[in-house]
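Trainee: Just so we're aligned, residue 5 is where the sequence shown starts under the working numbering, counting upward by one.
Idealized CB from N, CA, C, for every residue including glycine.
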Amino acid sequence: MTEDDERPVPADQSVPVAEDVGAAGDAVGGERGGRPLLCEVAWEVCQQLGGIYTVLRSKVPSMVRRWGRRYCLVGPYNPHVSPTEFEGAPPTGPVGRAVETLRERGFEAHHGRWLVTGEPRTVLLNPRSVYPRLAEIKYLLWEHHHVSLPGGDDLVNQVVGFGFLVEQLLRALAAEAAGRPVVAHFHEWMAGSAIPEVRRAGLPVAMVFTTHATQLGRVLAMHDPSFYDRLPSVDWSAEARHFAIDPQVRLERAAAHGAHVFTTVSEITALECRHLIGRAPDVCLPNGLNIERFVAMHEFQNLHLMYKEKIHQFVMAHFFPSYTFDLDRTLYFFSAGRFEYRNKGYDLCVEALARLSARLRHERLDRTIVFFLVTQRPFRSLNAEVLRSRAVMEEIRSTCDALKNQFGERLFLATAMGSTPPY
């Protein structure tokens with residue numbers, strides 16, 4: 005058993021090696037020895053930007069149980085965010101040796117664990133460490149794949165730098181794997197920028213590319229809610245230039261066409277892929293839910309009561325005493341996501357709330373609805389009035405708890421002695 009097989013896969017959960025999946029099998033050399041290594045590459049490893057962060061974080065425990073230390077996450081190193089979610093560890097195994105190879109070549113590579121449930125092996129690569137070679141990398145992307153990239157877009161620069169580092173990591177890992185199959189799973193165009201060069205170099209790596217939403221589809225949906233009606237006739241190239249996202253769209257298309265297996269998360273996104281990317285997904289893989297967390301109903305109920313009480317405290321601090329209502333007859337609803345007003349359905353939520361509010365008033369229903377829209381937007385500071393109100397509420401609660409404990413103890417003693425409390 006190798007150092008990367010410390011947590012063996014149970015017999016009934018054996019993972020098929022890459023040669024069982026057609027073209028991907030050819031990429032890893034057909035019959036090869038050893039158990040496969042899996043690298044999952046995403047821009048949101050150790051940094052929360054959107055929903056892919058939750059997708060990765062929620063699947064980690066299952067992946068670690070199934071793959072053990074043969075599973076590795078790869079993401080960009082962000083000095084402002086990564087240190088709070090990442091803990092460094094000495095490089096070990098083929099992945100660790102590949103990281104050491106990158107360091108020897110002068111690239112910034114971090115090896116350690118993502119501080120989430122399962123604590124998976126994680127490699128973070130700093131895209132800025134390749135900026136001195138950025139012009140050369142962009143030229144090769146244009147020469148080899150006809151992807152022209154601007155010079156002033158910092159996000160595109162980081163994506164290109166990250167893609168180059170991922171390609172270098174996979175190149176080193178393939179050399180260190182000693183004949184073991186290597187599988188790389190890429191999420192979205194920011195991570196998939198490595199795919200074209202990996203495929204062109206003929207590295208023995210089976211590649212899966214998953215798009216959670218097409219770049220052009222996002223933009224078109226924001227500007228034309230009925231764009232699905234004209235989807236078959238959309239000129240992707242013209243629209244990409246019109247909305248100034250041509251580099252992103254071309255990188256996405258190159259990744260989708262270069263991967264051995266192309267997947268997406270829904271039938272509607274598969275339709276977008278067919279017309280806007282030019283390749284139909286091989287399979288749709290809907291996002292799942294981790295239902296194992298609440299197998300015991302009593303545990304779920306206890307957590308529900310605990311968190312609802314926390315919400316009560318927040319709502320009281322925000323609204324009371326200026327605006328009061330019966331918390332026992334209050335319903336809480338939530339919607340969360342990036343601030344894409346139409347794409348995420350915020351427009352429908354706001355309209356539905358307006359209609360619901362009018363109906364509640366008209367029918368004089370004794371109900372209060374509190375709706376939370378959770379998203380990231382620029383802010384200046386916390387509301388001072390809310391902070392003061394919260395402090396007052398905390399003081400009142402602390403006083404009430406002290407009185408409850410004091411009188412409760414006296415009542416208990418009096419009852420135990422068989423006497424009536426003098427109050």
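How is the beta strand (DSSP E) around M211 delimited, first residue to last?
Mentor: Segment V209 to T215, the beta strand (DSSP E) holding M211.
Trainee: Taking 8 Å as the threshold, find out whether the region 106-113 comes into contact with the region 159-178 through three or more Cβ pairs.
Mentor: Touching, per the Cβ criterion.
Trainee: Rounded to the nearest angstrom, what separates V68 and G122 at their Cα positions?
Mentor: Taking the straight line joining both Cα atoms gives about 6 Å.
Trainee: Compute the Euclidean distance between the alpha carbons of A259 and M320, then round it to the nearest angstrom.
Mentor: Going from the Cα of A259 to the Cα of M320 covers about 50 Å.
Trainee: Among E344, N347 and S339, which one has its Cα closest to the Cα of L357?
Mentor: It is S339 whose Cα lies nearest to the Cα of L357.
Trainee: Assuming L173 and A102 are in contact, meaning their beta carbons sit under 8 Å apart, how far apart are those beta carbons, in whole angstroms?
Mentor: That belief holds up - the Cβ atoms of L173 and A102 are roughly 6 Å apart, short of 8 Å.
Trainee: Contact defined as beta carbons within less than 8 Å: I believe P200 pairs with G282. What is the distance between those atoms, to the nearest angstrom?
Mentor: In fact, because the Cβ distance is near 14 Å, the residues do not count as touching under 8 Å.
Trainee: Quick check: A195 and A362, are their CB atoms within less than 8 Å of each other?
Mentor: Contact: no.
Trainee: Whole angstroms is fine: what's the gap from G412's alpha carbon to C404's?
Mentor: G412 and C404: Cα-Cα distance of roughly 12 Å.
Trainee: Less than 8 Å separating the beta-carbons of R159 and G79?
Mentor: Reading the sequence as shown, one finds Leu at residue 159 and not Arg. Cβ atoms of L159 and G79: not closer than 8 Å.
Trainee: By DSSP's criteria, L77 is part of a beta bridge. Which residues make up the other side?
Mentor: Per DSSP, E44 and T126.
Trainee: Between V212, R74, I56 and L307, which has its C-alpha nearest R39's C-alpha?
Mentor: Here the closest residue by C-alpha is R74.
Trainee: Roughly how many whole angstroms lie between the Cα atoms of L467 and R368?
Mentor: This structure gives no information on residue 467, because the portion of the chain shown stretches from 5 to 427.
Trainee: Can you list, in chain order, the residues of its chain with a C-beta nearer than 8 Å to that of L360? Leave out the 5 residues immediately preceding and following it.
Mentor: For L360, where only same-chain residues beyond five positions count, the Cβ hits under 8 Å are I373.
Trainee: Using a 10 Å radius around the Cβ and a threshold of 16 neighbouring Cβ atoms, would you call A225 buried or exposed?
Mentor: The residue in question, A225, is buried, as its Cβ has 16 or more Cβ neighbours within 10 Å.
Trainee: Give the single residue among V209, L391, T267 and D330 whose Cα lies nearest to the Cα of P290.
Mentor: Minimum Cα distance to P290 is reached at T267.
Trainee: Can the beta-carbon of L435 be found less than 8 Å from the beta-carbon of V269?
Mentor: There is no way to answer for residue 435, as the model of the chain reaches only from 5 to 427.
Trainee: Does the Cβ of Q162 have 16 or more other Cβ atoms within 10 Å, making it buried, or fewer, making it exposed?
Mentor: By the neighbour-count rule (16 or more Cβ atoms within 10 Å), Q162 is buried.
Trainee: From the DSSP output, in three-state form, read off F111 for me.
Mentor: If DSSP states are grouped into helix, strand and coil, F111 belongs with coil.
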